[in-house]
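S.K.:
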Amino acid sequence: MTILLVEDNPDDEMLAIRALRKTEIENHVVVARDGEEALEYLFCTGKYQDRDINSQPQVVFLDLQLPKLNGIQVLQNLRAHEKTKALPVVLLTSSDENRDIVDCYNSGANSYIHKPVDFNQFTAQVKALGQYWLGINKVPDRLSY
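For reference, each letter of the sequence shown is one residue, going 433 to 577 in the numbering used here.
Here it is as structure tokens:
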């Protein structure tokens, strides 16, 4: 199972990866550091052109405030394409603004999680997300129908 973590903050990236490893679910974490790189990975372009587009991640953990393309723009691109429209996307962001929450759900987010500032809370939250999206939640074998 693969997780795509789209995160531009190296500290949050490190914490999220460490927390996901504690889920005891075997998974591979791919990190994209901006919105453009995330789309290149998911649509197999640029440096990911040799990747199989039918091998999509189990879930995308997407930050909202990203360089190049923000999280909402990434989400809108994913929902507009047949191969990625059903891909589970969780916004994992420091924004607690109601407008951002509404915009993300209106753009097709599956979940919106506010990142806590506290290290232990953040770690526990990411661990729980990993357990739910990789262990409990079910997705079709192939996300394209």
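Every residue, glycine too, gets a C-beta built ideally from N, C-alpha and C.
This one's a predicted model, so the numbers in the text were calculated from it and none came from an experiment.
#1: Excluding five sequence neighbours on each side, which residues of the same chain lie with their C-beta closer than 6 Å to the C-beta of residue 454?
#2: Does residue 529 pass the burial test, meaning 16 or more other C-beta atoms within 10 Å, or should it be called exposed?
#3: Taking only the alpha-carbon atoms, compute the straight-line gap between residue 499 and residue 473 and give it to the nearest angstrom.
#4: Can you list, in chain order, the residues of its chain whose CB lies under 6 Å from that of residue 501, leaving out five sequence neighbours each side?
#5: Report yes if the CB atom of residue 540 is closer than 7 Å to the CB atom of residue 523, and no otherwise.
#6: So the alpha helix (DSSP H) residue 448 belongs to, where does it begin and stop?
#7: Contact check, residue 445 vs residue 463 under 8 Å by CB: the rounded distance?
#8: DSSP three-state label for residue 471, please.
#9: Classify residue 485 as helix, strand or coil using the three-state DSSP reduction.
M.R.: Once the coordinates are examined:
#1: Within the same chain, residue 454 has close Cβ partners 559.
#2: Residue 529 is exposed by the Cβ-count criterion.
#3: Residue 499 and residue 473 have their C-alpha atoms some 16 Å from each other.
#4: Excluding residues within five positions, the ones whose Cβ falls inside 6 Å are 467 and 468.
#5: Contact flag unset, no.
#6: Run containing residue 448: 442-453, per the alpha helix (DSSP H) assignment.
#7: Taking the Cβ atoms as the reference, residue 445 lies roughly 6 Å from residue 463, within the contact range of under 8 Å.
#8: The answer is helix: DSSP assigns residue 471 an H, G or I state.
#9: Collapsing the DSSP output to three states places residue 485 in coil.
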